[in-house]
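Engineer:
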Amino acid sequence: MKRQDDWYDPMDPGPADPGPSADDGWHEPPADYDYRDPREAGRGAGEDDRQAGRPAAGNAEFRNRRSVQTDLFEAPVRRPQPVKRQPGQPIGTMAEAQELLRKYYGYPDFREGQKQVIECLLSGRDTLGIMPTGGGKSICYQVPALMMSGTTIVVSPLISLMKDQVDGLDSIGVPAAYINSSLSYAQVEMRIRKAERGEYKLLYVAPERLESERFLELLAGLVVPMVAVDEAHCVSQWGHDFRPSYMRINELVSHLPDRPLLAAYTATATDQVREDIVKHLKLSEPQVFVTGFARENLSFSVIKGENKRDVLMGYIREHAGEAGIVYAATRKEVDQLCEYLLRQGVAAGKYHAGLTDKERADAQERFLYDEVRVMVASNAFGMGIDKSNVRYVVHFNMPKNMEAYYQEAGRAGRDGEPSDCMLLFSPQDIHIQKFLIEQSVSGPERQAQEYRRLQQMADYCHTPQCLQRYIVRYFGGEAEEDCGQCSNCVSPDMELTDITLEAQQIFSCVKRMRERFGMTLVASVLKGSRNKKVLDFGFDSLSTYGLMRNRTEKDIVDLIQLLVAEGYLQLTEGKYPVLRLSSKASDVLSGKERVVQRIRLKPSAPVVQDVEAELFDELRKLRTEIAKREGIPPYIVFPDSTLREMCGVQPTNPAAMLKIKGVGEAKFFKYGAFFIEFFKQRQG
350 MKRQDDWYDP MDPGPADPGP SADDGWHEPP ADYDYRDPRE AGRGAGEDDR QAGRPAAGNA
410 EFRNRRSVQT DLFEAPVRRP QPVKRQPGQP IGTMAEAQEL LRKYYGYPDF REGQKQVIEC
470 LLSGRDTLGI MPTGGGKSIC YQVPALMMSG TTIVVSPLIS LMKDQVDGLD SIGVPAAYIN
530 SSLSYAQVEM RIRKAERGEY KLLYVAPERL ESERFLELLA GLVVPMVAVD EAHCVSQWGH
590 DFRPSYMRIN ELVSHLPDRP LLAAYTATAT DQVREDIVKH LKLSEPQVFV TGFARENLSF
650 SVIKGENKRD VLMGYIREHA GEAGIVYAAT RKEVDQLCEY LLRQGVAAGK YHAGLTDKER
710 ADAQERFLYD EVRVMVASNA FGMGIDKSNV RYVVHFNMPK NMEAYYQEAG RAGRDGEPSD
770 CMLLFSPQDI HIQKFLIEQS VSGPERQAQE YRRLQQMADY CHTPQCLQRY IVRYFGGEAE
830 EDCGQCSNCV SPDMELTDIT LEAQQIFSCV KRMRERFGMT LVASVLKGSR NKKVLDFGFD
890 SLSTYGLMRN RTEKDIVDLI QLLVAEGYLQ LTEGKYPVLR LSSKASDVLS GKERVVQRIR
950 LKPSAPVVQD VEAELFDELR KLRTEIAKRE GIPPYIVFPD STLREMCGVQ PTNPAAMLKI
1010 KGVGEAKFFK YGAFFIEFFK QRQG
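Here the working numbering runs 349 ahead of the position in the sequence shown, where the first position is 1.
#1: By DSSP, does LYS941 sit in helix, in strand, or in coil?
#2: Within the same chain, show all residues whose beta-carbon is closer than 6 Å to that of ASP778, passing over the 5 residues directly before and after it, in chain order.
#3: Between the alpha carbons of LEU938 and TYR700, how many angstroms are there, rounded?
#4: For LYS1010 versus TYR456, is the C-beta distance shorter than 8 Å?
#5: Check this for me: beta carbons of ARG926 and GLY867, under 8 Å apart or not?
#6: I need the straight-line Cα distance from SER472 to ALA807, nearest angstrom please.
#7: DSSP three-state label for VAL639, please.
#8: For ALA872, I'd like the list of residues in its chain whose CB is within less than 7 Å of its CB, leaving aside the five on either flank, ordered along the chain.
#9: Taking all protein chains shown into account, do 16 or more other C-beta atoms lie within 10 angstroms of the C-beta of ARG540, making it buried, or fewer, making it exposed?
#10: If ALA697 sits next to ASN728, beta carbons under 8 Å apart, how far is it from one beta carbon to the other, in whole angstroms?
#11: Whose C-alpha, out of LYS860, GLU851 and GLY916, is nearest the C-alpha of ARG898?
#12: Is ALA525 near LEU565, with beta carbons less than 8 Å apart?
#13: Less than 8 Å between the beta carbons of VAL637 and LEU470, yes or no?
#14: Apart from the five residues just before and just after PHE1023, which ones in its own chain have a Cβ nearer than 7 Å to its Cβ?
#15: Using the Cα positions of HIS744 and GLN814, report the straight-line distance between them to the nearest angstrom.
#16: Comparing the C-beta of GLY484 with each C-beta of chain B, is any distance below 8 Å?
#17: Just to confirm before moving on: does the CB-CB distance between ALA914 and LYS653 stay below 8 Å?
#18: Give a yes or no on contact between the stretch 474-491 and the stretch 629-643, applying the rule of three or more CB pairs nearer than 8 Å.
#19: Roughly how many whole angstroms lie between the Cα atoms of SER531 and LEU449?
#20: As a quick exercise: from ILE488, ILE848 and THR1001, pick the residue whose alpha carbon is nearest that of GLN465.
#21: Do LEU717 and PRO988 have their CB atoms nearer than 8 Å?
#22: Return the chain-ordered list of same chain residues with a C-beta closer than 7 Å to the C-beta of PHE1034, the five sequence neighbours on each side being excluded.
#23: Ordered along the chain, which non-local residues of its own chain (more than five positions away) have a Cβ less than 6 Å from that of ARG802?
#24: Mind checking which residues open and close the alpha helix (DSSP H) that includes ALA544?
#25: Among all the DSSP beta bridges, which residues are the ones paired with CYS815?
#26: Does the beta-carbon distance from VAL790 to GLN782 come in below 8 Å?
#27: Between which residues of its own chain and VAL515 is the CB-CB distance below 7 Å, once the five residues before and five after are set aside?
#28: I'd like the span of the beta strand (DSSP E) that includes ASP578, first residue to last.
#29: Could you name the residues of the same chain whose beta carbon sits closer than 7 Å to that of VAL721, not counting the 5 residues immediately before and after it, in chain order?
#30: GLN919 and ILE848 look like a contact to me (Cβ under 8 Å); what is the Cβ gap, rounded to whole Å?
#31: Closest to MET596 by CA distance: which of ARG879, VAL986, GLU787 and PRO506 is it?
#32: Apply the 10 Å Cβ neighbour rule to VAL537 and answer buried if 16 or more other Cβ atoms are within range, or exposed otherwise.
#33: Taking DSSP as the reference, what is the three-state secondary structure of ARG336?
#34: By the 10 Å Cβ neighbour count, where 16 or more other Cβ atoms means buried, how is ASP513 classified, buried or exposed?
#35: Where do the ends of the alpha helix (DSSP H) carrying PHE1024 lie?
#36: When DSSP builds the beta bridges, which residues end up paired with GLN919?
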């Protein structure tokens, strides 16, 4: 009996095909389905869309509405001939690359860093690109792949990420496909044969597939000019997401008749991880590019000493209608937080490793298609999302290290639009992460390293310096100026309040309780509670009993958490942490130091939407209608940044439409007529 994970040899007929199984996602196409539609050539868009239970991207009903025809994709498909390339032999020019960028992607220029990486690849040299999430890494291998004869293999870690990438390439007219465990044997066979005929420019492959010798032999029959490795930090045991299957990439390269170019990319890599990438992938004299870790469109903030649910709910209400991700540290926290948001009327979904494959796939699809606005997730959702219009990422708990934090926070604002990254910190977060390290990391050396990383993450939460600058410097970059927009640089919605008296009252109470109890009981004593535990210990006779009776116990606990976060109080480790005074608390008690709290101001009444905001909402509705007909996520039609530019230009003819960033030829021919007609009707 063959296991599902064993590789299927398409050349081995085996037993008669019993037809699709009940769970392989296969649906028989309609009788009149056109398999040879040139717009679907290569990718098999119809087959993927049928698998997802959505209409094929080229279905007749929608295709007949298109008023513009093109022969852009009607060139005959020919099997590419192997091109013998000497190491270092140039592949193409930047002028050619620039034209492909304009033609397919609709952008006039490459971003900062992209040009240098592509120039290096076009010169025939192995490349390692350290680029921030949302920095356009995929273009750095997709454009060169279009200039090479054959099929570029892209090793990508997650099924969902592959499908997003392939859908995006299909939308701009680039033939691509993926092979992973989500496909039936028949689908895999079809894609291998198409790849042999050279019908794909890019073939995305899950790293786990490389563990099969038979699969490597099949890939050896393809013409492969380049192997691109996404999330290359997964090859390093010192990285934050080590995957043993990444060590097999070298086997793939050695199975190919001619050594291809190697291009590796990651958003988060320390010096040690970079060395591991070069070593384990056996990059040949690679050019290493570090294009900068700053994400200028992201505003970072750290909130300490406040009720997390209150802050989160207030923020979500202020940003109703926008897509966001809320990360939590444990599955239990994800479940409880999602239930809380649903009770508050928020369209929320959840995602963590405890759900079934189908539940996770359904949750992600609902988020991608804007059916839910807020996704509550564990770090299992880290690399698996390529949604460009995520407007905010909130960490409900502090992550285990800066690499994980920046990877997850970087899911916001991938389209370049202003977005927020908020971290809600409490001292308990540190203990949760320490527990998770103890449970998941073996060996004293590895544990010691993880504890150091955890401390650096905690330092980020406490630093008074610019948060963006802290991040950039952590990853070895240079940051000469403050970002001017993080919570440490500017806080227009904050006011400073002196809480020295309250701090002294709390410190005095902790001291009189002999530093033997946790924050809940300390808060009960300060409130003047008559609960059994307070009375049994005789704490109602303390001089600090009832000193803060004008506050709620929740408010007092929030103040204690703030004082712990600022280092005035310390929490011991263990199942029942107790409060201890630090040396900083002594200075406050003696009057040498004052304590200040930043208070978030309540938002003023909502401002009436201006004309452009209303127009943007109308364009989003039109985009959603098109996306539903096409069977793709809305952001793949056009990103938010393109819609915002349309608001200003309001194109009513093809020339104006094609000048908008993000409108390439393929997308113009597919969707341009709908938007032009929209603006014509609007202008009457």
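Built from N, CA and C at the ideal position, the CB exists for glycine as well.
Structural biologist: Looking at the coordinates:
#1: As a first step, residue 941 must be located in the sequence shown, where it is residue number 592. Correct three-state label for LYS941: coil.
#2: Counted from its first residue, the sequence shown places residue 778 at position 429. Cβ neighbours of ASP778 beyond the five flanking positions: ASN746 and MET747.
#3: Translated into positions along the sequence shown, residue 938 becomes position 589. Translated into positions along the sequence shown, residue 700 becomes position 351. Their Cα atoms are separated by approximately 46 Å.
#4: Counting from 1 along the sequence shown, the entry for residue 1010 is found at position 661. Counting from 1 along the sequence shown, the entry for residue 456 is found at position 107. Going by C-beta atoms, LYS1010 is nearer than 8 Å to TYR456.
#5: What you label residue 926 is simply residue 577 of the sequence shown in a count that begins at 1. What you label residue 867 is simply residue 518 of the sequence shown in a count that begins at 1. The amino acid occupying residue 926 in the given sequence is Pro; Arg does not appear at that position. Result yes, Cβ atoms of PRO926 and GLY867 sit closer than 8 Å.
#6: Mapped onto the sequence shown, residue 472 falls at position 123. Mapped onto the sequence shown, residue 807 falls at position 458. Their backbone Cα atoms lie some 43 Å apart in a straight line.
#7: As a working mapping, residue 639 is identified with position 290 in the sequence shown. Shown here, VAL639 sits in a strand according to DSSP, grouped into three states.
#8: Sequence index remark: in the sequence shown, residue 872 carries index 523 (1-based). Correct list, in chain order: GLU902, ILE905, VAL906 and ILE909.
#9: Position 191 of the sequence shown, counted from the start, is the residue given in the question as residue 540. Label assigned to ARG540: buried.
#10: Here residue 697 refers to the residue found at position 348 when the sequence shown is read from its first residue. Here residue 728 refers to the residue found at position 379 when the sequence shown is read from its first residue. About 18 Å separates the two Cβ atoms, so there is no contact after all.
#11: Here residue 898 is taken as the residue at index 549 of the sequence shown, counted from 1. Comparing Cα-Cα distances from ARG898 to each of LYS860, GLU851 and GLY916, the minimum goes to GLU851.
#12: Against the sequence shown, residue 525 aligns to sequence position 176. Against the sequence shown, residue 565 aligns to sequence position 216. Not closer than 8 Å, so no.
#13: Walking along the sequence shown from the start, residue 637 turns up at place 288. Walking along the sequence shown from the start, residue 470 turns up at place 121. Not a contact, by the Cβ cut-off of 8 Å.
#14: Here residue 1023 corresponds to residue number 674 of the sequence shown, with the count starting at 1. Contacts found: LEU971 and ILE975.
#15: Here residue 744 is taken as the residue at index 395 of the sequence shown, counted from 1. Here residue 814 is taken as the residue at index 465 of the sequence shown, counted from 1. Taking the straight line joining both Cα atoms gives about 20 Å.
#16: This model lacks chain B altogether; it includes just one protein chain.
#17: The count along the sequence shown starts at 1 and reaches residue 914 at position 565. The count along the sequence shown starts at 1 and reaches residue 653 at position 304. Yes, the pair counts as a contact, with Cβ atoms nearer than the cut-off.
#18: Yes, the stretch 474-491 is in contact with the stretch 629-643.
#19: Looking up residue 531 in the sequence shown gives position 182. Looking up residue 449 in the sequence shown gives position 100. Going by the C-alpha atoms only, they are around 31 Å apart.
#20: What you label residue 465 is simply residue 116 of the sequence shown in a count that begins at 1. Of the listed residues, the one whose Cα sits closest to GLN465 is ILE488.
#21: Taking the sequence shown and counting its residues from 1, one reaches residue 717 at position 368. Taking the sequence shown and counting its residues from 1, one reaches residue 988 at position 639. In this structure, PRO988 does not lie closer than 8 Å to LEU717 by Cβ.
#22: Residue 1034 lies beyond the range of the chain shown here (350 to 1033); nothing can be said about it.
#23: Counted from its first residue, the sequence shown places residue 802 at position 453. Only ASN750 meet the Cβ criterion.
#24: By 1-based counting over the sequence shown, the position of residue 544 is 195. Residue range 534-545 is occupied by the alpha helix (DSSP H) that includes ALA544.
#25: Here residue 815 is taken as the residue at index 466 of the sequence shown, counted from 1. Looking at the DSSP output, CYS815 bridges to nothing.
#26: Within the sequence shown, numbered from 1, the residue matching residue 790 stands at position 441. Within the sequence shown, numbered from 1, the residue matching residue 782 stands at position 433. Contact: no.
#27: Counting from one through the sequence shown, the residue named residue 515 turns up at place 166. If we look at VAL515 and ignore the five residues flanking it on each side, its Cβ neighbours are ARG392, ALA525, ALA526, TYR527 and TYR553.
#28: Numbered from its first residue, the sequence shown carries residue 578 at position 229. Per the sequence shown, residue 578 should be read as Val rather than Asp. Residues 575-578.
#29: For the purposes of this step, residue 721 is taken as the residue at position 372 of the sequence shown. Same-chain partners within the cutoff: ALA696, ALA697, GLY698 and ARG715.
#30: For the purposes of this step, residue 919 is identified with residue 570 of the sequence shown, where counting begins at 1. For the purposes of this step, residue 848 is identified with residue 499 of the sequence shown, where counting begins at 1. Contact between GLN919 and ILE848 is absent: CB atoms are separated by about 18 Å, not below the 8 Å threshold.
#31: Taking the first residue of the sequence shown as 1, we reach residue 596 at position 247. If you compare the alpha carbons of ARG879, VAL986, GLU787 and PRO506 with that of MET596, the shortest gap goes to PRO506.
#32: The residue labelled residue 537 in the question sits at position 188 within the sequence shown. In the assembly as shown, VAL537 is a buried residue. Its beta-carbon has 16 or more other beta-carbons within 10 Å.
#33: Since the first residue of the chain shown is 350 and the last is 1033, residue 336 is not available in this structure.
#34: Reading the sequence shown from its first residue, position 164 is the one you call residue 513. The Cβ neighbour count for ASP513, taken over all protein chains shown within 10 Å, is at least 16; the residue is labelled buried.
#35: To locate residue 1024, count along the sequence shown from 1; it is residue 675. That run of the alpha helix (DSSP H) goes 1022-1032.
#36: Here residue 919 refers to the residue found at position 570 of the sequence shown. Partner(s): ARG929.
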